[in-house]
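Since the structure comes first, as structure tokens, the remarks are kept for the end.
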Amino acid sequence: MTRIAVSRFGAADLIALRIALVPAPSSRLPVAIVGATGVAGGQALVALKDHPWFEVVRVGASATNAGRRLGDVLASRRVESSAASRANDELALDLWPDDDAVGAATLDLVLEDATTMDVSSVAVVFSMLPTSTAAELEARFAVTTPVFSTAAAFRDEPDTPLLMAGVNPIHSELLETQARARGWRGFVAPGPNCTTVGLAVSLAPLATRFGIEAVHVTSMQAISGAGMAGVALADAVRGNVLPFIADEEAKVERELRKIFGGAYDGMTVPARFGVSATCTRVPVCDGHTLSVGVTLSARRADLDELRLEALEAWRDHNPWARRKLPSLPERWIDVLDDGGPEPRRDVTRGGGMTTVVGRVRTDPVLGGLKYVALSHNTVLGAAGGSVLLAEDLLDRGVFTWAG
Ligand SMILES: NC(=O)c1ccc[n+]([C@@H]2O[C@H](COP(=O)([O-])OP(=O)(O)OC[C@H]3O[C@@H](n4cnc5c(N)ncnc54)[C@H](OP(=O)(O)O)[C@@H]3O)[C@@H](O)[C@H]2O)c1
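Numbering (our numbering), first residue to last: 10 to 412.
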């Protein structure tokens, strides 16, 4: 039975949707979270608690945990995480949410084996699976149902947009061609790697105002970015920096160009600017800090003027004018002038949905700017970003639910 219509945005749809979406708890769309017991999955549970549009009715994980109560698995994960915290007491490792942040009804759900789940009865799947598993499962889920994914499985597919709410909304057009070409009634909408997220949000106003020629970035990434494997990293980052994260640099370089590229004839075309990344792991629980250098296409003779213009570009940037979505933070980008951002102090701004920019300097060698950006890797960089994207596409009528 066809339940999902992937449709083009139209004004009439939008009005109908807005009327349909006036919050009435009984009319919330039923959604599933697969990978619900992982670090990103835990944040999806938090983002969807008491959500006015979506209700979590199904949860999936590996076969090992199938049949167990979700709340019991989360409780045992918190015990493992606090044991690792004792091994590195400076880290304050806190990878899974407390029961209050998830809610009693969801904690009582029984986990299903994600590999055999039939998702045709839900309106949306939030997939927080490892990439190796996601490749097969997300394609199967999308046969009936829209899939919002944090995994890398579909990110490099030319017919698949790398969608970021508030950054490249026009690329959502590709979801319709993806679904048609693959014979799906749903689609797969992957979000980017968590390091790419803060970089893309912070670069978007500069791309619009000046144009970008090249980007150099060094990341200082939190250990929650490694998911459950982060527990085992707690000791390795004790008083230490790990200057290598497998596959990460190439992902940032590819994904940033795709996000800022074009979408023509049902295919994505990467932007032409150069990107050079160095990715490191640091002893921080949450929040990826990025040291960014950007060469701008539009040069300014007066560097003080350039800095002021960049600050104005960030402060004026509001891709959400007149939009009201449940997961939107009060401020999309916060610009600091106090030496920050610092992850411990600033990572929870906007509930982890605000990107924070600071240390803005001009750089004559680069022909542009240097700055530091911070974003929450498991919230905006994973689950929160996926939920916001689903809200954005639903609100714009890119997909609808026929029940
Ligand atoms: N952590 C971040 O900051 C972040 C940011 C952006 C994107 N991502 C991406 O998001 C995805 C999830 O990341 P994570 O950090 O949450 O990982 P994680 O903590 O390792 O969690 C993985 C989840 O997938 C489930 N799973 C593992 N193997 C499975 C299998 N063979 N079949 C079905 N389910 C399986 C696990 O279930 P069990 O508990 O039963 O093992 C768990 O629920 C990954 O693709 C990651 O690259 C993560």
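We treat Cβ as the ideally placed atom computed from N, Cα and C, and that holds for glycine.
Asked                                                                                                                                                         : Found
Within 8 Å: the Cβ of Ser-233 and any heavy atom of ligand 1?                                                                                                 : yes
Looking at Phe-135: is its Cβ nearer than 9 Å to the Cβ of Leu-183?                                                                                           : no
Could you check the C-alpha separation between Ala-399 and Glu-339 for me, to the nearest Å?                                                                  : 18 Å
Please report how far the alpha carbon of Gly-76 lies from the alpha carbon of Phe-269, in whole angstroms.                                                   : 43 Å
Could you tell me how far apart the beta carbons of Ala-162 and Ala-144 are, in whole angstroms, since I believe they sit closer than 8 Å?                    : 4 Å
Starting from Pro-199 and walking both ways along the beta strand (DSSP E), at which residues does that stretch end?                                          : 197-199
Please confirm whether any heavy atom of ligand 1 lies closer than 8 Å to the CB of Ser-90.                                                                   : no
Report buried or exposed for Trp-62, applying the criterion of at least 16 other Cβ atoms within 10 angstroms of its Cβ.                                      : buried
Between which two residues does the alpha helix (DSSP H) holding Ser-384 run?                                                                                 : That residue, Ser-384, is in no alpha helix (DSSP H); its beta strand (DSSP E) goes 377-384.
Take the Cβ of Ser-395 as the centre, count every other Cβ of all protein chains shown within 10 Å, and call the residue buried at 16 or more, exposed below. : buried
For Phe-466 and Ala-188, which I take to be in contact (beta-carbon distance under 8 Å), what is that distance rounded to the nearest angstrom?               : Nothing about residue 466 can be read from this structure; the chain reaches only from 10 to 412.
What's the C-alpha gap between Asp-295 and Thr-387?                                                                                                           : 7 Å
Pop quiz: Ile-42 and Val-210 are said to be a contact at Cβ under 8 Å. What is the actual Cβ separation, rounded to whole angstroms?                          : Wrong, their Cβ atoms sit about 24 Å apart, outside the cutoff.
Can you tell me the Cβ-Cβ gap for Trp-329 and Gly-175, rounded? I've got them flagged as a contact below 8 Å.                                                 : 6 Å
Tell me where the beta strand (DSSP E) around Arg-353 begins and ends.                                                                                        : Here Arg-353 belongs to no beta strand (DSSP E); instead the alpha helix (DSSP H) covers 352-355.
From which residue to which residue does the beta strand (DSSP E) around Pro-39 run?                                                                          : 38-43
Below 8 Å, how does it come out for the stretch 35-55 and the stretch 97-106: are there three or more Cβ pairs, yes or no?                                    : yes
If you compare alpha carbons, which of Thr-277, Thr-140, Ser-91 and Leu-83 is closest to Gly-112?                                                             : Leu-83
With distances taken from CA atoms, which of Ala-132, Met-237, His-225 and Val-369 is nearest Pro-155?                                                        : Ala-132
Determine the DSSP secondary structure at Val-131, reduced to helix, strand or coil.                                                                          : coil
Can you tell me whether DSSP reads Val-119 as helix, strand or coil?                                                                                          : strand
Which whole runs of the alpha helix (DSSP H) in the stretch 313-356 are 4 residues long or more, in chain order?                                              : 352-355
Ala-143 lies in the alpha helix (DSSP H); which residues open and close that run?                                                                             : 140-151
By how many angstroms is the C-alpha of Trp-323 removed from the C-alpha of Gly-349?                                                                          : 16 Å
May I ask you to report which of helix, strand or coil DSSP gives Cys-288?                                                                                    : strand
Given that a residue counts as buried once 16 or more other Cβ atoms are within 10 Å of its Cβ, and exposed if not, what is Phe-253?                          : exposed
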